[in-house]
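Residue numbers (the numbering used here), protein chains in the order written: chain A, 1033 to 1536; chain B, 203 to 522. From the three backbone atoms N, C-alpha and C, an ideal C-beta is built for every residue, glycine too. Small disclaimer: the values here were computed from a predicted structure and weren't measured.
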């Protein structure tokens, strides 16, 4: 299965060199060798059926073949050893702390602007800067309660932050579903590792939401606000609501009366204390933001200002994950926390700066250009792969609206074996861990590993044909502890037959 | 000047509506040259009113009426003392173009196009006619722009809408005070002069003010040495003590006196009346702020079916 596997001079997560797996992958490698590709194929089909039966889908806009898609699941797990995870976790805690202090500062004193650490025009020119949030008392002073930060590894295997998603990050439902399917399809392999549990995420999320309730009640009313069934992440909205045991509502189910938010139920109006909103700022409240929004609740922001309802995430957090602000995150960390960034950024050129813009326009064939206010891989140019015509079009766009673009050198993302046409081939991956900021910061051990399933592609976004993997973060090995006997004997396999597992 | 101002807004609907949510920017601002001694807000149907300061420091009152109703009445009464000599921008020492301090980003919002204040070739053409010369007094440039708008454009109702961008007045050559104001703001911003929109009320001590019986709009331009100076382009007058500032903003969208949503598929009509009088002395026992109720009826929900909350309409009123 790995006979023709190429490392291609990239950083490979599994292999140091062809035929030489890294220590934390050796058990997987030997197990798969024994299993063979037809048995592996069978499990791939089992997994696919599970996903289809459970309706685990997402939406790709602008696709004639239909918008609702099964999220491709790549059965080969990604494994992260404890020491690497420790670094990631510390880096992410530091980052979400700084991003929150930044939001707090931007919507209050603006010290970071007055001291010229971040250029004010970048903030004031950002579409995501919500002037309406000025001097609003945000519950517990937390703005970004849920953050999905995208990490990549370069040719040397060093971790970098590619971007933060501090508005309404999605994808966590796939992480949980991937794990559930993985456990079902590969119970013994999973059991062979001490993988840290992620199943407590919905519980942690619920605690994080409860922490924000304006009243001291033990049982605050919590709702997930979705734009509706046509939204690309509707599956996730309903999944999380169900997992947490809270209501799933649309804007039209809510009403603001006096300074409180109520939901319409069959038993009359019921007060809502916390709203996990998956509706963008623009559409949240037609009275405060976009007047043509039919997805929001008129007056919601007023109830929020009065402190009678908590919104998660707070409106206006887009100012912190704006791609043009991203280059300043290491400076923020220094400014607010007096620390060096544990996880570095990818170097970024800000097209709004004249010197950067000049460089970008001259070197479009070497750079990745991204629109600062888009996500999901839309509005993006992979300069080294694009045709001259596309590059010219982008150059024109940049000249017209430089504030809207940044550029980064191409990061040769690390690759990981993916099962493709009966054998394993290397495919590029990234990692989106989910961070919850409630009473304390909790980083979900693992996250969504996204795979660019097209050969050679560097774009992992699900909307651009990416898939995902289960991500295993390993427990720290306690000194002196006996390792579980995973290398010998006949272990039962799900298909009924029993096959020996080679010694590692 | 000691003024008592009454600002009454009547919203009537052809049929029952429900779930009204409304925001009001009707309380005069507290500024160095203008003191709000008293503000009374009466709302019907009876409900609770709340308030907050928006990001520009304007006082916003808001309320909801959940049950069925056919009419909303809002009466805002203020007693305001103004002490604002008529400005003399022409004699000012500031030069054009004014270089704002590099660290002063507070005026960013008043230097950039936004909302209905859009850049256009017609606007650039208009600004060219101002013939601003480097190093000449800023006041002279501002006054020439002020005069140019007065010469080129006529005050006429019904030509533009509340949501009209300034391309409308540029194209049609006519508009109401909202259009005049936003046009002057756009031209000033193009000239690099920070400019902001003022919504307010005028006490017509001189006889020929347009828009005096309704809420009025004018603009302020920033002079580095003396601060914001008021120009009323619709009346071609500089802003003195008979003007009462209620809200400031980048453009009309930031300052609409009343802005709301409701459920129901009906026609809405809006009727606004502003009355002002000069007082000789401060009335005794004046309350700083008071919220009152007006006896406007609501109807029990049993009298009608459930209204689709999607049928929400925004209502806004043009500043004339």
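The criterion of a C-beta distance shorter than 9 Å is satisfied by residue 1430 of chain A and residue 1383 of chain A.
Only those residues of the stretch 1331-1355 of chain A whose C-beta falls short of 8 Å from the nearest C-beta of chain B are listed: 1331, 1334, 1337, 1338.
Within the stretch 1282-1296 of chain A, the residues whose Cβ lies closer than 7 Å to any Cβ of chain B are, in chain order, 1284, 1287, 1288, 1289, 1290, 1291. Shown here, residue 362 of chain B sits in coil according to DSSP, grouped into three states, outside any helix or strand. A direct Cα-Cα distance of roughly 40 Å separates residue 1357 of chain A from residue 1302 of chain A. Every beta strand (DSSP E) of 3 residues or more that sits fully in the stretch 1384-1431 of chain A is shown, in chain order, as 1399-1403, 1412-1414. Within the stretch 358-379 of chain B, not one residue has a Cβ closer than 9 Å to any Cβ of chain A. Relative to residue 320 of chain B, the option among B:335, B:433, B:387 whose CA is nearest is B:387. At a cut-off of 9 Å between beta carbons, residue 1300 of chain A makes no contact with chain B.
Put simply, the backbone Cα of residue 1226 of chain A is about 49 Å away from that of residue 1322 of chain A. Rounded to whole angstroms, residue 1155 of chain A and residue 1161 of chain A show a C-alpha spacing of 6 Å. The residues 239, 240, 281, in chain order, have a CB closer than 7 Å to that of residue 488 of chain B in the same chain once the five nearest residues on each side in sequence are set aside. When CB distances to chain A are screened at a threshold of 8 Å, the residues of the stretch 208-240 of chain B falling below it are 221, 223, 225, in chain order. C-alpha of residue 332 of chain B to C-alpha of residue 291 of chain B: approximately 16 Å in a straight line. Pairing residue 1464 of chain A with residue 1181 of chain A gives a Cβ-Cβ distance under 9 Å. Counting every other CB atom within 10 Å of its CB across the protein chains shown gives residue 362 of chain B a total of 16 or more, marking it as buried.
The C-beta of residue 1471 of chain A has fewer than 16 other C-beta atoms within 10 Å across all chains shown, which makes the residue exposed. For residue 1252 of chain A, not one C-beta of chain B is nearer than 9 Å to its own C-beta.
Taking a C-beta cut-off of 8 Å against chain A, the contacting residues of the stretch 454-466 of chain B are 461, 462, 463, listed in chain order.
Residue 284 of chain B is bridged by DSSP to B:236. Only residues of its own chain outside the window of five on either side were considered, and among them 213 have a CB closer than 6 Å to the CB of residue 274 of chain B, listed in chain order. Its chain contains 243, 251 as the residues whose beta carbon lies nearer than 6 Å to that of residue 493 of chain B, once the 5 sequence neighbours on both sides are disregarded; these appear in chain order.
A residue is called buried once 16 or more other Cβ atoms fall within 10 Å of its Cβ, and residue 1419 of chain A, having fewer, is exposed.
For residue 1163 of chain A, the closest Cβ of chain B is nearer than 9 Å.
Against chain A, the beta carbon of residue 321 of chain B has no neighbour under 9 Å; the closest one sits roughly 13 Å away. Using a Cβ-Cβ cut-off of 8 Å, residue 1386 of chain A is close to nothing in chain B; its nearest Cβ partner there is about 15 Å away. Of all C-beta pairs linking the stretch 1053-1072 of chain A to the stretch 1486-1493 of chain A, fewer than three are shorter than 8 Å, placing the two stretches out of contact.
Within the stretch 1094-1159 of chain A, the complete alpha helix (DSSP H) segments of 4 residues or longer fall at 1114-1138, 1143-1146, 1152-1156, listed in chain order.
Residue 1119 of chain A counts as exposed, since fewer than 16 other C-beta atoms from the protein chains shown sit within 10 angstroms of its C-beta.
Bridge partners of residue 491 of chain B according to DSSP: B:241. Not a single CB atom of chain A sits nearer than 9 Å to the CB of residue 401 of chain B.
Within the stretch 1317-1328 of chain A, 1318, 1319, 1323, 1326 place their CB atoms closer than 7 Å to a CB of chain B, listed in sequence order. Cα atoms of residue 229 of chain B and residue 448 of chain B: separation of roughly 6 Å, rounded to the nearest angstrom. Between residue 1461 of chain A and residue 1442 of chain A, the gap from beta carbon to beta carbon reaches 9 Å or more. Assigned with DSSP and collapsed to three states, residue 1248 of chain A falls in coil, not helix or strand. For residue 367 of chain B, the closest of B:219, B:334, B:360, B:380 by C-alpha to C-alpha distance is B:380.
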